[in-house]
Amino acid sequence: QDTYGFKTQLLAASLRSPLHVHDAALAGADVATLPPTLFDLLLKHPLTDKGLLLFEEDWQKTHISIFP
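Going by the working numbering, the sequence shown wraps up at 81, each residue one higher than the last.
Spelled out as structure tokens, the structure:
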């Protein structure tokens, strides 16, 4: 129970692998601190790269330009 009415958040620290990040999120962490190399690793996945390529191909087929 929150006796004093403080608004707190859970910080996950010392994360060293994608599994650590996943587990911290499942545990309810509100925010995490991690090294830049781990952050970059989280952004790289073969299916993400494939999805981006497919999206770009589909977008090119629309012949829509977002720039004048």
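Built from N, CA and C at the ideal position, the CB exists for glycine as well. Quick caveat: nothing in here was measured; it's all calculated off a predicted structure.
Residue i: buried (16+ other C-beta within 10 angstroms of its C-beta) or exposed?
{"i": "V34", "result": "buried"}
{"i": "L23", "result": "exposed"}
{"i": "L32", "result": "exposed"}
{"i": "L47", "result": "buried"}
{"i": "L65", "result": "exposed"}
Less than 8 Å between C-beta atoms, sequence neighbours within five positions excluded: which residues of the same chain meet that for residue i?
{"i": "D43", "result": "Q22, L23, L24"}
At which residues does the alpha helix (DSSP H) containing residue i begin and terminate?
{"i": "K20", "result": "No alpha helix (DSSP H) holds K20; DSSP gives it neither H nor E."}
{"i": "P59", "result": "59-75"}
{"i": "A40", "result": "That residue, A40, is in no alpha helix (DSSP H); it is neither H nor E in DSSP."}
{"i": "T46", "result": "Premise fails: T46 is in no alpha helix (DSSP H) and is neither H nor E."}
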